[in-house]
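Student: First the structure, then my questions, so here it is.
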Amino acid sequence: MIPQSQSSSLQRLQHVEKRIVRVLELAGAVMEELGNSHGPRTDAVSAHCREFMIAMKEIQTTLREEIKSACEYRPFEKCDYSARIANEICCKKLEYVIEKLDTMQQSLEHITDDV
Amino acid sequence: MSKAGGGPGSAPGPTAAAAAAAVQKQKSLLQKADADVSSLVDNFSSLINIARVNDPPVRNSQEAFQMEMRAARMVHSADSLLKLVSELKRTAIFSGLASLNENVDRRIEVLGQQAEGTERMLERIGQEAAASLKELEAHYYSSVVRSPSYD
């Protein structure tokens, strides 16, 4: 399963691809309308041009956002440094406790030998 | 960490170089995207202007050629944008931070569990040691080898 943020980014880019194809289709539709033998329909041409400009604005906005997020340099948003250091501290604690227990063991053995 | 090269001046670190490269890449990609979008809009506007019916004398061949040229430029700009989108999709798939963050979260969870288990173990050891010490003290003070009391 694709992570949510990655899927969202891919979906936005997929949508941009479709919009790019759509703007070319709109341009073709406008030219076909202008070449109509009965004369171009003003409302149709206006609607296509408006949709074209809206699509271009959407394409530019989305691409700029995606480019910024893709090229933004950061090592990691999240870091496991604290967890690793805590784990290392636990290891040090264990080593210390093991050392003390070994000392106690030696003392007990020494006392047993004396008795 | 060994330092490469000598002398008073030191080279910038890999992090700074990578950050500068990322900024430069972002700038170039933004410029490319803006240029392609501007080209599409400008060529579309020019195409509509050229398609306008003019009063005689007309220049049908010249205008037809210009229209074809503008259309070709629009297609070229759209193709360039599509390639840019493909590059961004590739970046999103292979360099996305979401999966990396998930991996980091998983690692943090594992480390946390280990640390918690260690703390519980140490706590149990401490409790057992305390109980054993109390028992030892009881045995010692009830034994004949106890230190004599000072009256």
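One line per chain: the protein sequences are A and B, in this order. So the first sequence is numbered by this note's numbering: it starts at 1 and just counts up by one. So the second sequence is numbered by this note's numbering: it starts at 116 and just counts up by one. Even for Gly, the Cβ is constructed at its ideal location relative to N, Cα and C.
With V190 (chain B) as the anchor, note down where its alpha helix (DSSP H) starts and where it stops.
Tutor: One-based indexing of the second sequence puts residue 190 (chain B) at position 75. Where V190 (chain B) is concerned, the enclosing alpha helix (DSSP H) stretches over 175-209.
Student: Please return the same chain residues whose Cβ sits closer than 7 angstroms to the Cβ of I111 (chain A), not counting the five positions on each side in sequence.
Tutor: For this step, residue 111 (chain A) is matched to residue 111 along the first sequence. Cβ within range, chain order: n/a, list empty.
Student: Is D114 (chain A) helix, strand or coil by DSSP?
Tutor: As a position in the first sequence, residue 114 (chain A) is number 114, starting the count at 1. D114 (chain A): helix per DSSP, three-state reduction.
Student: Within this structure, are the beta carbons of K147 (chain B) and L199 (chain B) separated by less than 9 angstroms?
Tutor: Mapped onto the second sequence, residue 147 (chain B) falls at position 32. Mapped onto the second sequence, residue 199 (chain B) falls at position 84. Yes, Cβ-Cβ distance for K147 (chain B) and L199 (chain B) is below 9 angstroms.
Student: Check whether the Cβ atoms of D149 (chain B) and Q60 (chain A) sit closer than 9 angstroms, and answer yes or no.
Tutor: Position 34 of the second sequence, counting from 1, holds the residue named residue 149 (chain B). Position 60 of the first sequence, counting from 1, holds the residue named residue 60 (chain A). It is a contact, given that the beta carbons lie within the stated cut-off.
Student: In the DSSP assignment, find the unbroken alpha helix (DSSP H) run with R41 (chain A) in it and report its ends.
Tutor: Taking the first sequence and counting its residues from 1, one reaches residue 41 (chain A) at position 41. Here R41 (chain A) belongs to no alpha helix (DSSP H), and DSSP marks it neither H nor E.
Student: Taking a contact to mean a Cβ-Cβ separation below 9 angstroms, would you say L203 (chain B) touches V23 (chain A) in this structure?
Tutor: Counting from one through the second sequence, the residue named residue 203 (chain B) turns up at place 88. Counting from one through the first sequence, the residue named residue 23 (chain A) turns up at place 23. No. Outside cutoff.
Student: 9 angstroms is my cut-off, CB to CB: does D80 (chain A) come that close to chain B?
Tutor: Position 80 of the first sequence holds residue 80 (chain A). Judged by the 9 angstroms Cβ criterion, D80 (chain A) is in contact with chain B.
Student: How long is the line joining the alpha carbons of V202 (chain A) and T62 (chain A), rounded to whole angstroms?
Tutor: Residue 202 (chain A) lies beyond the residue range present for chain A, which begins at 1 and ends at 115; the question has no answer from this structure.
Student: With 16 as the cutoff for other CB atoms within 10 Å, does S46 (chain A) come out buried or exposed?
Tutor: Here residue 46 (chain A) refers to the residue found at position 46 of the first sequence. Exposed: under 16 other Cβ atoms inside 10 Å.
Student: If the cut is a Cβ gap below 7 angstroms, which residues of chain A does F159 (chain B) touch?
Tutor: The count along the second sequence starts at 1 and reaches residue 159 (chain B) at position 44. The answer, in chain order, is A27, F52.
Student: How long is the line joining the alpha carbons of T58 (chain A) and A137 (chain B), rounded to whole angstroms?
Tutor: Here residue 58 (chain A) is taken as the residue at index 58 of the first sequence, counted from 1. Here residue 137 (chain B) is taken as the residue at index 22 of the second sequence, counted from 1. Note that residue 58 (chain A) is Glu in the sequence shown, not Thr. Approximately 24 angstroms between the Cα atoms of the pair.
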